[in-house]
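Residue numbers (our numbering), protein chains in the order written: chain A, 833 to 1507; chain B, 668 to 823.
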């Protein structure tokens, strides 16, 4: 056993947890910490500190609390934490950290409540604590019978937690965590339409705003004639938004309903100035290629890979609702970082953080886009003007054309090949753009750290040249690893093809024996029956990645002739998979992202503007293009790993290699002009 | 502005809007049926899929005026208790990730099964072709439609 304080200190946000006064007043039930409480009726409520953007963090929190309190997941009511980093620590959904960083604090929080209840029962029965166990909402004793939690809440709340040792339930005793059965805790709300996303926030008296956005990149309003707009029914006000304080800038029309706001926007007459009205993404790609040094560092095998712009395009378009009052601000937003958003708003508005409330709603996808605050800043500006709650809604075209895109990049790979056909030395030269939404991401070392995870025992160098970004760029699932790994794995496949080597055997020989990657590669090769020759007309691709504390290997099977992907197998090691269905879901999602971006989804810029406007021309995969996806979970002793972004880079590489068959891959999308 | 009488989820609802207002915004803004999701507004993504006279339809490309005298069912009215076979199958197979597209997927699947109780993969893929899921839940959707078909057969 370890003391509760020791445990919490090791929990990452430990100091914040123990800073909460314990025990709380008995009248409030048992409130041992910010994450878990029991009321006098014994009802359990857990607070989920990070937003659920589809990664399933609410389900994992419910499972962790139910596991430690010896109840079912359905017995735990969930509350979504508002933004408050002082109470909850980092609340950012980023870098595949949600479950990794919450596991110890949440489980410890629930185990603390259980140990207090068990101790209270033992004292009442005057028996040793070790003879008592928690089960199904009761504390049980072999001779004394059982007491429901509700009968113990007050006594437990009166205990000094410092005197009660806390022990986490060991994995071999888990009933819920790590088990295959059981889905999302919010599933019933989802399939009945009851889940409230940001777009569903409807504060009383609320108005709706849409924003006329720049018709080309970087344009700002010069003259605005809103006469016709203001004459329309339902239009309340028109205001010019100025970047960066008010978001990305434009002209907002505030109205009583969405349709009236959209009609009001159509009636605006705006002239624009500035920006880059002739920009073209084909020229941007040419600029990146021209920035490669004249000669590759290695004169052997060479290949250049071109990577496109990608948009996030979550199903729920950007939106935010704000209510600015004299005494404070309330925000309802699908955000990846409610805590950081609150801190930023307080600083920007010059008000105490305590007067800013950020409600993190359910989020209809995020993929990195909702780490940015721009829709919220627009809503704040509109609400301040209107003196009422205002929801700013982005249309799909607004979203597609004003995103923070994944940067274009060019990768020149070169390698020296040994007599056995394997690479003995390699070089990877990258030319790309920074992430403009986070200025310090212009540092080449940081870009390299984000992208470079080459796991094979081939010495070499990775160099990064950063060119100025010609439009907004941001964090897109897997960030730079999406581009780097695609180039590296496709190049390794190219070397294997030229040397006539088996793609799995070649990778095996370049991975340390006994490594996590070696094991998942073996597992996926087994699942894909790798040693059998592929069926006539089919081809296979392989790729690996170890990152976010996890390891994955992917094998894709495709028909190069029809460009049809038939099957994708993945084997993944996240240490212990707390919610196996959720683990599979994250891999499946990454595989569909990979499929989409390899088969043709890309953003292009013509005459200064993003050409794509919706799902008709941003060609995301549909159900009929989606192969069967087979995910094997490989358990290991490694600490809990992250997963949300792990599978995208290797899945994209494996799928491209499979579709390419006997031809080299040189771009994403495969076989399509980039830019 | 004009008054339109709509029949939504078995109830008669009167709304006072411009006739060209998309049905999507009538349902969401006027009637508070926020389970009908906005995804594209131009009939390309399927997030708002509902039933009009029993068939799958896109409220974002129909108007209030078009919709008078039609029978509209939204996700909120698909079943009394959330236990339509499609909804049960979606839960059993843990289909949803973010869930935003799923009301539309569920409504498209329910309309398919109402006219074709035992669809093959090609029929499933045809019926759900224009329902985009950005989280990539397609393999589970395919399995869940088959599962719902089986539930309906077993309970017939």
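Every residue, glycine too, gets a C-beta built ideally from N, C-alpha and C. The structure presented is a predicted model; accordingly, all values stated were derived computationally and were not measured.
Between residue 1152/A and residue 1075/A, the gap from beta carbon to beta carbon reaches 8 angstroms or more. Counted as a single uninterrupted DSSP element, the beta strand (DSSP E) harbouring residue 977/A occupies residues 977 to 980. Within the region 748 to 819 of chain B, the runs of alpha helix (DSSP H) at least 4 residues long that lie entirely inside it are, in chain order, 752 to 759, 769 to 782 and 788 to 794. At a cut-off of 8 angstroms between beta carbons, residue 761/B contacts chain A. Counting C-beta pairs closer than 8 angstroms gives fewer than three between the region 1476 to 1485 of chain A and the region 1123 to 1134 of chain A, which falls short of the contact rule. When the alpha-carbon of residue 1239/A is set against those of 1436/A, 911/A and 1091/A, the nearest one is in 1436/A. Remark: C-beta atoms of residue 1071/A and residue 1084/A approach each other more closely than 8 angstroms.
At least one CB of chain B lies nearer than 8 angstroms to the CB of residue 1089/A. If you draw a 10 Å sphere on the C-beta of residue 672/B, you find fewer than 16 other C-beta atoms in it, and that means exposed.
According to DSSP, residue 1379/A shares a beta bridge with 1382/A. With respect to the C-alpha of residue 1190/A, the residue from 1174/A, 1200/A and 1198/A having the closest C-alpha is 1174/A. Nearest to residue 989/A by C-alpha distance, out of 1042/A, 869/A, 1116/A and 1220/A, is 869/A.
Buried is the label assigned to residue 1155/A, since at least 16 other Cβ atoms lie within 10 Å of its Cβ. The contact set of residue 1148/A on chain B, defined by CB atoms closer than 7 angstroms, consists of 767 in chain order. DSSP places residue 1207/A within a helical segment (H, G or I) once states are collapsed to three.
Taking a C-beta cut-off of 7 angstroms against chain B, the contacting residues of the region 1410 to 1444 of chain A are 1413, 1417, 1420, 1421, 1423, 1424 and 1425, listed in chain order. The C-beta distance from residue 698/B to residue 734/B rounds to 11 angstroms, too long to fall under 8 angstroms, and the pair is not in contact. Any Cβ of chain B closer than 8 angstroms to the Cβ of residue 1461/A would place that residue at the interface, and such an atom is present.
The residue among 953/A, 1172/A and 1491/A with its C-alpha nearest the C-alpha of residue 1369/A is 1491/A.
Counted as a single uninterrupted DSSP element, the alpha helix (DSSP H) harbouring residue 1487/A occupies residues 1480 to 1492. Per DSSP, the unbroken alpha helix (DSSP H) holding residue 1412/A starts and ends at 1412 to 1431. The DSSP-derived three-state label of residue 1103/A is strand.
Rounded to the nearest whole angstrom, the C-alpha separation of residue 729/B and residue 716/B is 11 angstroms. In chain A, no part has a C-beta under 8 angstroms from the C-beta of residue 715/B; the shortest such distance is about 11 angstroms. Between the region 674 to 688 of chain B and the region 1464 to 1483 of chain A, the count of C-beta pairs closer than 8 angstroms stays below three; the two stretches do not touch. In this chain, the beta strand (DSSP E) harbouring residue 1461/A covers 1460 to 1465.
Within the model, the alpha-carbon separation for residue 1502/A versus residue 1432/A is close to 7 angstroms. If the five residues before and after residue 1006/A are omitted, its C-beta is found closer than 7 angstroms to the C-beta atoms of 899, all from its own chain and listed in chain order. Counting along the chain, the unbroken alpha helix (DSSP H) around residue 1283/A starts and ends at 1276 to 1283. With a threshold of 16 other beta carbon atoms within 10 Å, residue 1232/A meets it and is buried. Between residue 1352/A and residue 1243/A a beta carbon distance of about 25 angstroms is seen, past the 8 angstroms cut, so the two are scored as non-contacting. Contacts with chain A (Cβ-Cβ distance below 8 angstroms) from the region 701 to 727 of chain B involve 701, 702, 703, 704, 705, 706, 707, 708, 709, 711, 712 and 714, listed in chain order. The alpha carbon of residue 1366/A has as its nearest neighbour, out of 879/A, 1374/A, 1038/A and 1389/A, the alpha carbon of 1389/A. In the three-state reduction of the DSSP assignment, residue 1170/A falls in the helix class, which pools H, G and I. Going by DSSP, residue 671/B is part of the beta strand (DSSP E) stretching over 669 to 675. In the structure shown, residue 1033/A falls within a coil segment according to DSSP collapsed to helix, strand and coil.
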